[in-house]
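Data block below; observations after.
Residue numbers (this note's numbering): 928 to 1265.
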């Protein structure tokens, strides 16, 4: 079936958003120019015309987003509501994309139709992700730095008080110097973290092996070994992702009983797993609230910044038991890692 030509279809054809019209059964009966051009760019042409819209959606969009779209369209087709809107990711193996879909019921010559409009909101989503991540990261940094600086200054003040009454000052001078050096180290390392948070480099498609090798080599891992179960690409900010992986590696190699850390691919996610004997906390959220510590003369934020760093890429980070009987971090990317 083809819709009659006229002003309405001409307006829709010139509309910059991708528009499709469904009949009462959910079959796509017409798409506008923007939708046809999108199909040609991605190798699908106008093949969606004549197909069930929900079948097309299921082949391109993962759950739970496909389910929300299906529920909204079903209600419109069943005349239960006038419209619905859903924002969802639609990533492929080379590009990150987010769309906002709005659908509404129409009637024409006694027949029911559904008009679906989709807008590419990728730029806005990336901007929102960066804003949210940087806000969370700034709050975390402020809390941790205040704690560190207060401890260091308190230590220096205490030793200075002793200097006033004890003539044997040499050892105490060294301790004060060490405390002040600690302040300087915290400030320098924190400035580096803040610089990284505001790094405006572009998203890149990088092999996971390159990222893990760079992150692993930043510290002495002792007898702990790293295994990358399979090679796959990720679309990310490389510098921030290396630091994210470093924090996960530090968690396993910095004082736990782990002997192996493994990177494993999942369905639109990847896993960082280890075999440490220490149990996952009953409340896994507590693991992400570690305070900063010094290891081998360098500042380590532990897992405190792991989630903000993941969020910079639009990822979600969670913790649970691993198949290696240790800790398992799941990094949900929503990407097709192929």
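For each residue, glycine too, the CB sits at the ideal point set by N, CA and C. Predicted model, so just to flag it, every value in this text is computed and none were measured.
Within the region 1160 to 1216, ranges of the beta strand (DSSP E) (whole runs, at least 3 residues): Contiguous beta strand (DSSP E) elements confined to the region 1160 to 1216 occur at 1160 to 1163, 1187 to 1192, 1196 to 1201, taking only those with 3 or more residues.
Residue interval of the alpha helix (DSSP H) (run including residue 962): Here residue 962 is taken as the residue at index 35 of the chain shown, counted from 1. Its alpha helix (DSSP H) spans residues 960 to 968.
DSSP three-state assignment for residue 1258, whether helix, strand or coil: For this step, residue 1258 is matched to residue 331 along the chain shown. Under the three-state reduction of DSSP output, residue 1258 falls in the strand class.
Segment contact flag, the region 1130 to 1142 with the region 987 to 997, C-beta cutoff 8 Å, min 3 pairs: Counting Cβ pairs under 8 Å, fewer than three are found: no touch.
Where residue 1038 sits in the DSSP three-state scheme: Here residue 1038 is taken as the residue at index 111 of the chain shown, counted from 1. Per DSSP, reduced to three states, the secondary structure at residue 1038 is strand.
Residue 1181, buried or exposed, once every other Cβ within 10 Å from all chains shown has been counted against 16: Reading the chain shown from its first residue, position 254 is the one you call residue 1181. Buried.
Start-to-end residues for the beta strand (DSSP E) that takes in residue 1132: Residue numbering aside, residue 1132 sits at position 205 when the chain shown is read from its first letter. Annotation: the continuous beta strand (DSSP E) that includes residue 1132 extends over 1131 to 1134.
Contact under 8 Å by Cβ, residue 1200 with residue 1255: Taking the first residue of the chain shown as 1, we reach residue 1200 at position 273. Taking the first residue of the chain shown as 1, we reach residue 1255 at position 328. Cβ atoms of residue 1200 and residue 1255: closer than 8 Å.
Any 3 or more C-beta pairs closer than 8 Å across the region 1243 to 1252 and the region 1144 to 1153: Touching, no.
CB contact flag (residue 946, residue 1043, <8 Å): What you label residue 946 is simply residue 19 of the chain shown in a count that begins at 1. What you label residue 1043 is simply residue 116 of the chain shown in a count that begins at 1. Going by C-beta atoms, residue 946 is nearer than 8 Å to residue 1043.
Same chain, Cβ closer than 8 Å to residue 1236, neighbours up to 5 away in sequence not counted: The residue given as residue 1236 occupies position 309 in the chain shown. Excluding the 5 residues flanking it on each side, residue 1236 has same chain C-beta neighbours closer than 8 Å at 1060, 1064, 1167, 1168, 1170, 1171, 1174, in chain order.
Among 1161, 1139, 1205, 1159, nearest to residue 1153 - alpha-carbon criterion: In the chain shown, the residue the question calls residue 1153 occupies position 226. It is 1139 whose Cα lies nearest to the Cα of residue 1153.
Run of the alpha helix (DSSP H) containing residue 994, from where it starts to where it stops: Translated into the one-based positions of the chain shown, residue 994 becomes position 67. From DSSP, the alpha helix (DSSP H) with residue 994 extends over 992 to 1004.
CA nearest to the CA of residue 1029, picked from 1011, 1156, 1020: The sequence position of residue 1029 within the chain shown is 102, counting from 1. In terms of CA proximity to residue 1029, 1011 leads the group 1011, 1156, 1020.
Residue 1233, enclosing alpha helix (DSSP H) - first and last residue: Reading the chain shown from its first residue, position 306 is the one you call residue 1233. Run containing residue 1233: 1233 to 1239, per the alpha helix (DSSP H) assignment.
Spatial distance of residue 1178 from residue 1020 (CA atoms): Mapped onto the chain shown, residue 1178 falls at position 251. Mapped onto the chain shown, residue 1020 falls at position 93. Taking the straight line joining both Cα atoms gives about 29 Å.
Between the CA atoms of residue 1071 and residue 1226 - distance to the nearest angstrom: Here residue 1226 refers to the residue found at position 299 when the chain shown is read from its first residue. Here residue 1071 refers to the residue found at position 144 when the chain shown is read from its first residue. Confidence at residue 1226 is low in this model, with a pLDDT of 49, below 50, so its placement is unreliable and the value that follows should be read with caution. Separation of residue 1226 and residue 1071 (C-alpha to C-alpha, rounded to the nearest whole angstrom) is 11 Å.
For residue 1234, the nearest candidate out of 1260, 1251, 1148 (CA to CA): What you label residue 1234 is simply residue 307 of the chain shown in a count that begins at 1. Comparing Cα-Cα distances from residue 1234 to each of 1260, 1251, 1148, the minimum goes to 1260.
Proximity winner among 1014, 985, 1067, 1165, relative to residue 1240 (alpha-carbon distances): Here residue 1240 refers to the residue found at position 313 when the chain shown is read from its first residue. Nearest of 1014, 985, 1067, 1165 to residue 1240, Cα basis: 1165.
Cutoff 7 Å; reference residue 1018; Cβ partners in own chain excluding five residues on either side: Translated into the one-based positions of the chain shown, residue 1018 becomes position 91. Excluding five sequence positions before and after residue 1018, the CB atoms of its chain that fall closer than 7 Å to its own CB belong to 1024, 1261, 1262, 1263, given in chain order.
Residue from 1040, 1189, 1026 whose Cα sits closest to the Cα of residue 954: As a first step, residue 954 must be located in the chain shown, where it is residue number 27. Residue 1040 holds the alpha-carbon nearest to the alpha-carbon of residue 954 among 1040, 1189, 1026.
Within 8 Å, strictly: CB atoms of residue 1183 and residue 1203: For the purposes of this step, residue 1183 is identified with residue 256 of the chain shown, where counting begins at 1. For the purposes of this step, residue 1203 is identified with residue 276 of the chain shown, where counting begins at 1. Yes, these two residues count as a Cβ contact at 8 Å.
Residue 1033 - partner residues in DSSP beta bridges: As a position in the chain shown, residue 1033 is number 106, starting the count at 1. In DSSP, residue 1033 forms a bridge with 1040.
Exposed unless 16 or more other CB atoms sit within 10 angstroms - verdict on residue 984: The residue labelled residue 984 in the question sits at position 57 within the chain shown. Only buried fits residue 984, as 16 or more other CB atoms lie within 10 angstroms of its CB.
Three-way DSSP call (helix, strand, coil) for residue 1046 in this model: The residue you call residue 1046 lines up with position 119 of the chain shown. Strand.
Residues of its chain near residue 996, where Cβ-Cβ distance is below 6 Å and the 5 sequence neighbours each way are ignored: Residue mapping note: residue 996 aligns to position 69 of the chain shown, counting from 1. So the list reads 984, 1013, once near-sequence residues are dropped.
Cβ separation of residue 1156 and residue 1195, assumed to be a contact under 8 Å, to the nearest whole Å: The sequence position of residue 1156 within the chain shown is 229, counting from 1. The sequence position of residue 1195 within the chain shown is 268, counting from 1. Not quite, the Cβ-Cβ distance comes to about 16 Å (not below 8 Å), so this is no contact.
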